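Inspection log for the structure reproduced underneath, given as structure tokens.
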């Protein structure tokens, strides 16, 4: 299960880059339950920016914070484009009011979409349960006479 992290916690971690500790791509993938290909993909899309030492990718605390936000965003249904738009507005020296407003706006819209999906799923589950009840009843009616005839 993914640990939820507040935006404030992530922002605080991004600001604290002194004594930088680096993580290689394999460790990063294992720690966050993603594939190497996923990390490379996020890098290609500009979501992560690991430092390079030759061919080795070295991920910073900032990259790890961004990956947590990417995974959270994906988990709740945001597109990578939306996630990038939100996290790219982060300014370690500013109030981040614009980022927070955009995040709140996008989150509100996504919550509405998820609630609509839940409603549709609840309706589908109800219909399927009703159909299964009818099928069970038909099966019971059709197998009951055979059971008594066999006795």
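In full-length UniProt numbering, the protein residues as written are 1 to 151.
Quick reminder that beta carbons are idealized off the backbone N, C-alpha and C, glycines included.
The structure presented is a predicted model; accordingly, all values stated were derived computationally and were not measured.
What are the residues that DSSP puts in a beta bridge with residue 53? As a working note, residue 53 is residue 53 in the chain shown. DSSP output for residue 53 lists 56 as bridge partner(s).
Does the beta carbon of residue 93 fall short of 7 Å from some heavy atom of the ligand FAD? Of ligands this structure carries none, so the ligand FAD is not represented either.
Contact under 8 Å by Cβ, residue 59 with residue 23: On the chain shown, position 59 is the one that residue 59 refers to. On the chain shown, position 23 is the one that residue 23 refers to. Yes; because the gap between Cβ atoms is below 8 Å, this pair is in contact.
Starting from residue 23, follow its DSSP beta bridges and name the residues at the other end. Taking the first residue of the chain shown as 1, we reach residue 23 at position 23. DSSP lists 59 as partners of residue 23.
Cβ pair residue 48, residue 66 closer than 8 Å: As a first step, residue 48 must be located in the chain shown, where it is residue number 48. As a first step, residue 66 must be located in the chain shown, where it is residue number 66. Yes. Within cutoff.
Residue 110 and residue 77: beta carbons closer than 8 Å? Position 110 of the chain shown holds residue 110. Position 77 of the chain shown holds residue 77. Against a cut-off of 8 Å, the Cβ pair of residue 77 and residue 110 comes out as a contact.
Pair within 8 Å by beta-carbon distance, residue 29 and residue 39: Along the chain shown, one-based indexing puts residue 29 at 29. Along the chain shown, one-based indexing puts residue 39 at 39. Their beta carbons are under 8 Å apart, which means residue 29 touches residue 39 by this criterion.
Straight-line gap, residue 140 to residue 123 (C-alpha atoms, nearest Å): Counted from its first residue, the chain shown places residue 140 at position 140. Counted from its first residue, the chain shown places residue 123 at position 123. Cα-Cα distance, rounded: 26 Å.
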